[in-house]
Amino acid sequence: MSRLLATGIVTSTPRAQSRCYALDQTALRDAATVSSPATTGQDQGDTAGTPDAAARLRAKVLRDFFDGERLKQIPAQRKKRVVVLEHLLTRFQPDVEYDERAVNDLLRPAHDDVATLRRELVDYGYMDRQRGIYRVAAALPPRGPTVAQEVRGDEAEWLEHLIAGATKRAFER
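Written as C-alpha cells, this is what we have:
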C-alpha cells in the first residue's frame, strides 16, 4: 500500500480512528501506459497480443490440457479455459441448431462435465441458447474489461474464420 501511496495511484485520508483509501484512476491509467511492456520494450512473452504469441499460447494450452481429443481437466485459469472452449467449439457446425442432448453428445467425448462446458460456451458468447436450442454465435457480444483480459485479441477473427470455413465446407458438398 505504501508504494501505491508513494506513486499517487492511491490517496489516503484520515477518518476518525481509521484511514480511507481511494484509487486515482487517472494516475493508474497513466502509470500503466508509461510502464507497460509495450512502451518500455520489455519482452511480453506469451501474454503479448501478437499473433505468434497467441498461437504459442494456444498450442501450449492444448498440449497441456488435452490427451488426444480428451480434456484432462477444465482449466481453472480463465485465459486457458477460453482456449479450451474455442477448441471445443470446433466440434459444432455454424448455422446448425442443436438441442441440449446433441450438445452433450458432442462435448462428452472431451469431458464428462458437459454441463460446465456447455454453460461456459454460452456465458462467453461462443454459443447462443434460446428455448433449449443451441447454435454457434454469429458474432461475439461486446466484451467488458474483465472478460476482455481473459480472451485472446484475435477471438473475433478466429470465430469468423471458423464460421467461414464451415460455410465453405457446406458449399463444397
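Counting the sequence shown from 1 gives a position; the working numbering is that position plus 2.
Built from N, CA and C at the ideal position, the CB exists for glycine as well.
Source: prediction; values computed, not measured.
In the same chain as arginine 131, and ignoring 5 residues on each side of it, the C-beta atoms closer than 6 Å to its own belong to Val124, in chain order.
By the criterion of a C-beta distance shorter than 7 Å, leucine 108 is surrounded in its chain by Arg93 and Phe94, once the five residues flanking it on both sides are discounted.
Shown here, proline 16 sits in a strand according to DSSP, grouped into three states. When the beta-carbon positions are compared, alanine 117 and methionine 129 stay at least 7 Å from each other. The beta carbon of arginine 83 sits closer than 6 Å to the beta carbons of Pro77 from its chain, once the five residues preceding and following it are set aside; these are given in chain order.
Spatial neighbours of arginine 60 in its own chain (CB-CB distance under 7 Å, excluding positions within 5 residues in sequence) are listed in chain order as Val85. When C-alpha distances from glutamate 159 are compared across Arg72, Ala56, Val105 and Asp115, the shortest belongs to Ala56.
Of all alpha-carbon atoms in Asp32, Gln19, Arg17 and Leu91, the one lying nearest the alpha-carbon of glycine 10 is that of Asp32.
For tyrosine 23, DSSP records a beta bridge to Ser14.
Secondary structure in the stretch 91-156: the beta strand (DSSP E) runs of 3 residues or longer, each lying completely within the stretch, are 129-132 and 135-138 in chain order. Residues Glu99 and Asp130 of the same chain have their beta carbon placed closer than 6 Å to that of arginine 137, with the five preceding and five following residues left out of the count.
Going by beta carbons, leucine 90 and alanine 104 fall outside the 7 Å limit. The alpha-carbon of leucine 25 is positioned some 20 Å away from that of glutamine 19. Setting aside the 5 residues that flank it on each side, arginine 120 is surrounded in the same chain by Val105, each with a C-beta closer than 6 Å to its C-beta; the list follows chain order.
About 7 Å separates the Cβ atoms of phenylalanine 67 and glutamine 75, confirming a contact at the 8 Å cut-off.
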